[in-house]
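Structure record follows, encoded as structure tokens.
Residue numbers (my numbering): 1 to 312.
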């Protein structure tokens, strides 16, 4: 939500950036190709932490393309993203990340789900938090049934920390959304949610938090102070120039927001089978090779770039 040319953390204020861009006549500036979107991110010195392939050939469950099987060829890009996120977080390590996008359709929820699955498959005790309280839970895609009473008592839902173990995926837990909620921002700013996040970071190796798109609500920024940072999900054919520039400029200029970087979702990139013996976190696509060096001598250059772009 943009107020006076800046993001506002009033999550229920509905004067979206999108409306302002429409008024400015800049709505049509969509990045239609992967190279165009990569170039725009690099020009703003945003670390590209992953190229995530189109998941048309993956398992679709309740409308979500999920990487459910341990031998899926789509698992590797998300495992590499997990490694790159740890690196972007710096010496303190990564315990929690807020995933968001600029617009609907860019794949933030799919990315959050599959990142959490990849983390659990790697043996990490992982919690996926559905923090888009303006929408119903998608937990059924993981064969988890939300507590029907949580929608009536959302604060108690967060106070109790009703984590559910995901069947058939060892180490993966989910906290379903109690949405839709009318007072979503007030709930996210509550002491119950703050305490839950603190507790979760102590109990889990990684906490992945899914939030609404920033052009509609800034709920991601309400949660960010209690996490290790924000991951921005972008996608060719969806992400718009004006929105991206506005958001990234404010992330980088902010003295408080920990901006980890971006991923490009739905990218036209090759997919190769995941290998358990491949522990590198360098990019699997040539387009990312300049961001993830292959030798330790380039580490300082990468660290400087992450510092400038991500407040590391």
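For glycine and all other residues, C-beta sits at the position ideal for the given N, C-alpha and C.
Around the beta carbon of residue 160, fewer than 16 other beta carbons sit within 10 angstroms, so the residue counts as exposed.
Taken through DSSP and simplified to helix, strand or coil, residue 130 comes out as strand.
Annotation: the region 180-256 contains the following complete segments of the beta strand (DSSP E) (minimum length 3 residues), in chain order: 206-210 and 230-234.
Of 109, 127 and 68, the smallest CA-CA separation from residue 206 is found for 127. Annotation: the continuous beta strand (DSSP E) that includes residue 173 extends over 172-175.
Contact annotation: residue 97 and residue 231 have beta-carbon atoms nearer than 8 Å.
Residue 79 is classed as buried because its beta carbon has at least 16 other beta carbons within 10 Å across all chains shown. Ranking 69, 62 and 215 by CA distance to the CA of residue 136 puts 62 first. Taking a contact as a CB-CB distance under 8 Å, the pair residue 228 and residue 95 counts as one, their CB atoms being some 6 Å apart. With contact defined as three or more Cβ pairs closer than 8 Å, the region 49-63 and the region 190-202 are not in contact.
For residue 202, the number of other beta carbons within 10 angstroms of its own is below 16, and it is reported as exposed.
Nearest in C-alpha terms to residue 29, of all of 262, 260 and 236, is 236. The closest CA to that of residue 103, considering only 241, 90 and 146, is found on 241. DSSP lists 267 as the beta-bridge partner residues of residue 53.
Contact annotation: residue 258 and residue 224 have beta-carbon atoms nearer than 8 Å. Residue pairing by DSSP puts residue 165 in a beta bridge opposite 173.
Cβ-Cβ distances below 6 Å link residue 89 to 228 in the same chain, with the five nearest sequence neighbours on each side left out; the list follows chain order. Here the C-alpha atom of residue 264 lies approximately 6 Å from the C-alpha atom of residue 50. Taking the Cα positions, residue 139 is about 8 Å away from residue 174.
Cβ-Cβ separation between residue 187 and residue 152: approximately 13 Å, too far for a contact (criterion under 8 Å). Nearest in C-alpha terms to residue 106, of all of 148, 72 and 55, is 55. In this structure, the CA atom of residue 182 is about 38 Å from the CA atom of residue 42.
Residue 98 has 209 and 230 as its beta-bridge partners, per DSSP.
With a contact defined as Cβ atoms closer than 8 Å, residue 47 and residue 261 qualify at about 3 Å. Around the CB of residue 116, 16 or more other CB atoms lie within 10 Å, so the residue is classed as buried. Collapsing the DSSP output to three states places residue 123 in coil. Taking the CA atoms as reference points, residue 77 sits about 6 Å from residue 52. Counting the other Cβ atoms within 10 Å of the Cβ of residue 165 gives fewer than 16, which makes it exposed. Excluding the 5 residues flanking it on each side, residue 86 has same chain C-beta neighbours closer than 7 Å at 93 and 94, in chain order.
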